[in-house]
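Order-wise, the sequence lines are chains A and B. In terms of the working numbering, the first sequence opens at residue 13 and continues consecutively. In terms of the working numbering, the second sequence opens at residue 7 and continues consecutively. Structure, as C-alpha cells:
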Amino acid sequence: MAEAVPLRVPPAPSTVSVARPHAVAEMPRETLVHIAGLEKIYATKDGATIHALQNVSLDITAGEFISVVGPSGCGKTTLLKILAGILSRSRGDITMRGAALSGPSRELGVVFQAPVLLPWRTVLANVMVPVEVQKRDRAAFEARARSLIALTGLAGFESKYPGELSGGMQQRVGICRALVHDPSFLLLDEPFGALDAMTREQMNEELQRIWTESRKTVLLVTHSIPEAVYLADRVVVMTPRPGRIVDVIPVDLPRPRTLAMHNTAEFGRFVARIRAHFNSAGMLDA
Amino acid sequence: MKRFANLVLLPLLTLCVFLGGWEAVVRVFGISKIVLPAPSAIAAAFGEGLLSGDFVWHLAVTMSEILGGFAIGAATGLLLGFIVALLPLAERILYPYIVAFQTVPKVAIAPIIVIWFGYGISSKIVITATIAFFPLLANTIMGLRATPHDQIEMLTSYTASRWQVFTMLRLKQALPYIFVGLDVAIVLSVIGAIVGEFVGAKAGLGYLILQKNFNLDMAGTFAILIILSAIGVGLHAVISALQRRVVFWMDTAGERVVGA
C-alpha cells in the first residue's frame, strides 16, 4: 500500500501565515519550542497532592522528531496535554518561536490515543474539522485534505463514515486531521497503542514517511521503547512520581530507518540504555 | 424468505388463531355482547363508524389535540432543556420546580385545566403539552451532557470556541437522546389527549368512547381502541423513520464495515 500512493502533499494555501519548517540542511536550526521549569500538581479529592510533572525543561528544534517514553503515570500524557493547551499547568513557561504558548494554538496538530472521530462526519469531513474550526479557506484546504488521505493510504474512503473503518484506518484519519491545517508542531499521544503489533509497525513506517515528507516538528508520547527509538531524533526518558525527565538520548541511526534495524546491535544498545532507567527505578513496564 | 416468514407470517398466524379462539369462546359460551363483543361484532362496528363519518370527525379532533399538545410540550421541553443544560444558574433556580411539577400526576390536574381552558380543544392541548414536556426536557439535558470528554478536548485543541463545541459537537451528540424523548412524548401525547377528553369534552375519540360506554356499545368502544392503538403505532413509526434519517450514524456503526 505504501508504494502505490502519491507522496507529494501540496503545501498549505498561501492564505496561511504558517512558515514551513526550515530545510534540513540549514545548520544551526532554530529552537521551535522552549519548555522551562514546567510543573503540574494535581489535588485529589481526599486532599492529597500528586506531583505529575516536576521541573520539566526541554528545547525542541524545528523539524526534530522527539519521542517521550516512560511507564504509565510518569506524566508524559500530562506534558502533551499541557503543550496542546487543553490542560493547565501549575508553573513554568512554554514558548513557541519566542511567543508564549498558553492554550490551544492554530500551529498545533494533535493525534490522540483514540482516533476521536465524529461518527456523523465522513472521512473527508473529519479531516476538515480543524479547517472549519479555524475558519480557513475550505475549498483551498480540501485539496490538501484529499492528498493527505491518499498519502496515508485511504484514497477511495473519503466519503465513508468512521463506523465503516478499522481501528488502524481510523487512526490514519486522525493523523490526516492533525496535519490538514499545516501546523508547525505535531503532538502524538500514544497514537498506535490500541493497534495490534503488525499494524503498529506498519503505522510507524508510515509515520516516518509522513514526517520525512512534511518535515514537521513532532513530539510522540509512547510507552513502547522500540517505537520511540525507531522514530526519534532524540528520546526523552521520564520516570513517575514525580514525573520528570531523567535522560535525553540522541538517536543517530541513519535515515530512512527500516523495520529490520530493530534487530541490529546498535538499535539494541539504545533500547537497553533506555530500559536501564526503568530497571533502576524498579519499573519493568516497557 | 425465512426472514419474511418470521417477521410477518408468524405474527399474522398468531393473530388469526387468537381472533378465531376469541370468536369461538364468545359464540360457544354465549357471552353477552355488553361484556365481551366478538371480533366480528367489533369489525361491524368499525365499518359502521367509518361509513357514517363519525370516526373521521372525532379522529380529526383527537389528532389535532395530540399533535398540537405534542408540538407545544416538546418545543417547551427542548427549549428549557437547552437553558438548564447550558446555564448552571438556571439549573439551580428552575430544576427543583420542574421536578416538583413532574411529580404531580397530570391526570389529577386535568380537571383544573379543563376549568381554565374550557371544554374545547385548547384544554386537551394544554394537558397533552404538560405530559409531552418532561421526556423532552430530561432527554435534552442528558443528551447535551453526554458528549464524551475526549471529543471536547479534540475540538478544543484545534482552537474551537465554546460556541463551536456546542454547534459542531454537543448538539449532534444530544440528537439521539432527543429522539428518544420525542418517541416517549408522542406516545404519551395520545394518552394525554384521551385523558383530557375523559375529563370533559364535546368531541374526540375519548369523548366517543365515553358515549359508547354509556350506551353499552362495547363493540363500538373496542373499534375506537383499535383506532387509538393505530394512532400510537403510526406516530411512533413516523418518529422512528425520522430518527433513522437524522441520527443515521447510530445504527450504521459496525453494520457496514467495508475495510478491516
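Every residue, glycine too, gets a C-beta built ideally from N, C-alpha and C.
Quick one: Cα of residue i to Cα of residue j, how far?
i                 : j                 : result
Val248 of chain A : Leu50 of chain A  : 15 angstroms
Ala64 of chain A  : Pro238 of chain A : 25 angstroms
Gly74 of chain B  : Gly212 of chain B : 16 angstroms
Ala80 of chain B  : Thr68 of chain B  : 18 angstroms
Ser129 of chain B : Ile119 of chain B : 6 angstroms
Tyr242 of chain A : Leu265 of chain A : 9 angstroms
Ser246 of chain B : Phe24 of chain B  : 28 angstroms
Ala152 of chain B : Ala180 of chain B : 7 angstroms
Ile232 of chain B : Leu248 of chain B : 24 angstroms
Asn219 of chain B : Thr227 of chain B : 7 angstroms
Val105 of chain B : Met256 of chain B : 30 angstroms
Tyr183 of chain B : Gly149 of chain B : 5 angstroms
Leu175 of chain B : Asn221 of chain B : 57 angstroms
Ile40 of chain B  : Thr82 of chain B  : 43 angstroms
Ser58 of chain B  : Val171 of chain B : 57 angstroms
Glu176 of chain A : Phe169 of chain A : 9 angstroms
Ser236 of chain A : Ser100 of chain A : 26 angstroms
Pro94 of chain B  : Val283 of chain A : 51 angstroms
Glu278 of chain A : Met250 of chain A : 22 angstroms
Arg250 of chain B : Ser195 of chain B : 21 angstroms
Val110 of chain B : Ser38 of chain B  : 40 angstroms
His289 of chain A : Ile257 of chain A : 11 angstroms
Ala112 of chain A : Ile78 of chain A  : 21 angstroms
Gly206 of chain B : Ile78 of chain B  : 21 angstroms
Does the beta carbon of residue i sit closer than 8 angstroms to a beta carbon anywhere in chain B?
i                 : result
Pro203 of chain A : no
Pro142 of chain A : yes
Val36 of chain A  : Caution is warranted here: a pLDDT of 45 is assigned to Val36 of chain A, below 50, making its placement in the model unreliable, and no coordinate value can be reported.
Pro33 of chain A  : For Pro33 of chain A, the predicted model reports a pLDDT of 45, less than 50, meaning its position is unreliable; a value from the coordinates is still stated below. Judged by the 8 angstroms Cβ criterion, Pro33 of chain A is not in contact with chain B.
Val185 of chain A : no
Met39 of chain A  : Per-residue confidence for Met39 of chain A stands at a pLDDT of 46, beneath the threshold of 50, marking its modelled position as unreliable; the derived number appears in the next sentence. Closer than 8 angstroms: no.
Chain B partners of residue i, CB-CB under 9 angstroms?
i                 : result
Phe124 of chain A : Asp156, Glu159, Met160 and Ser163
Pro116 of chain A : Thr162, Ser163, Tyr164, Thr165 and Ala166
Leu120 of chain A : Ser163, Tyr164 and Thr165
Taking C-beta pairs closer than 7 angstroms, name the residues in chain A that residue i reaches, listed in chain order.
i                 : result
Trp255 of chain B : Pro131, Trp132, Tyr173 and Gly175
Pick from the options: whose alpha carbon is nearest that of residue i?
i                 : options                                   : result
Ile94 of chain A  : A:Glu213, A:Asp201, A:Arg246 and A:Ile286 : A:Asp201
Asp149 of chain A : A:His235, A:Ala284 and A:Val192           : A:Val192
Ile72 of chain B  : B:Leu150, B:Thr136 and B:Val14            : B:Thr136
Val123 of chain A : A:Gly205, A:Val81 and A:Glu144            : A:Gly205
His155 of chain B : A:Ala190, A:Gln146 and A:Leu129           : A:Leu129
Gly82 of chain A  : A:Glu278, A:Pro254, A:Phe169 and A:Pro262 : A:Pro254
Arg269 of chain A : A:Ala244, A:Val260, A:Pro174 and A:Tyr54  : A:Ala244
Glu29 of chain B  : B:Ala225, B:Ile121, B:Arg168 and B:Gln249 : B:Ala225
Leu120 of chain A : B:Ala166, B:Asp60, B:Ala116 and B:Phe228  : B:Ala166
Thr89 of chain A  : A:Pro203, A:Thr229, A:Val258 and A:Arg221 : A:Pro203
Thr229 of chain A : A:Met210, A:Ala209, A:Ala190 and A:Glu217 : A:Ala190
Arg41 of chain A  : A:Arg256, A:Gly165, A:Asp58 and A:Ala74   : A:Ala74
Pro116 of chain A : B:Ser195, B:Ile158, B:Leu16 and B:Ser38   : B:Ile158
Asn216 of chain A : A:Val80, A:Ala240 and A:Arg109            : A:Ala240
His274 of chain A : A:Val185, A:Glu213, A:Leu163 and A:Ile72  : A:Glu213
Ile281 of chain B : B:Asn145, B:Leu177, B:Val132 and B:Cys22  : Not covered by the structure: residue 281 of chain B. The range shown for chain B is 7 to 266.
Ser196 of chain A : A:Met210, A:His289, A:Arg109 and A:Leu70  : A:Arg109
What in chain A is Cβ-close to residue i, meaning under 9 angstroms?
i                 : result
Gln170 of chain B : Glu144 and Val145
Under a CB-based cut-off of 8 angstroms, is residue i close to chain A?
i                 : result
Lys178 of chain B : yes
Arg251 of chain B : no
Residue i versus chain B: which residues are under 8 angstroms apart at the beta carbon?
i                : result
Ile98 of chain A : Glu159, Thr162 and Ser163
Residues of chain B with CB under 7 angstroms from residue i, in chain order?
i                 : result
Val128 of chain A : Asp156, Gln157 and Met160
Beta carbon of residue i: closer than 7 angstroms to some heavy atom of the ligand MG?
i                 : result
Trp255 of chain B : With respect to the ligand MG, the structure offers nothing, as it holds no ligand at all.
Checklist entry - Three or more beta-carbon pairs under 8 angstroms between the region 31–46 of chain B and the region 187–198 of chain B, yes or no? => result no
Checklist entry - Three or more beta-carbon pairs under 8 angstroms between the region 152–160 of chain A and the region 129–144 of chain A, yes or no? => result yes
Next on the checklist: Counting beta carbon pairs with one atom in the region 90–107 of chain A and one in the region 43–58 of chain A, are three or more of them shorter than 8 angstroms?
Outcome noted: yes
Checklist entry - Using 8 angstroms as the threshold, is the region 160–170 of chain B in touch with the region 80–98 of chain A, meaning 3 or more CB pairs across them? => result yes
Item to check | the region 116–133 of chain A contacting the region 214–234 of chain B, beta-carbon criterion three pairs below 8 angstroms | outcome: no
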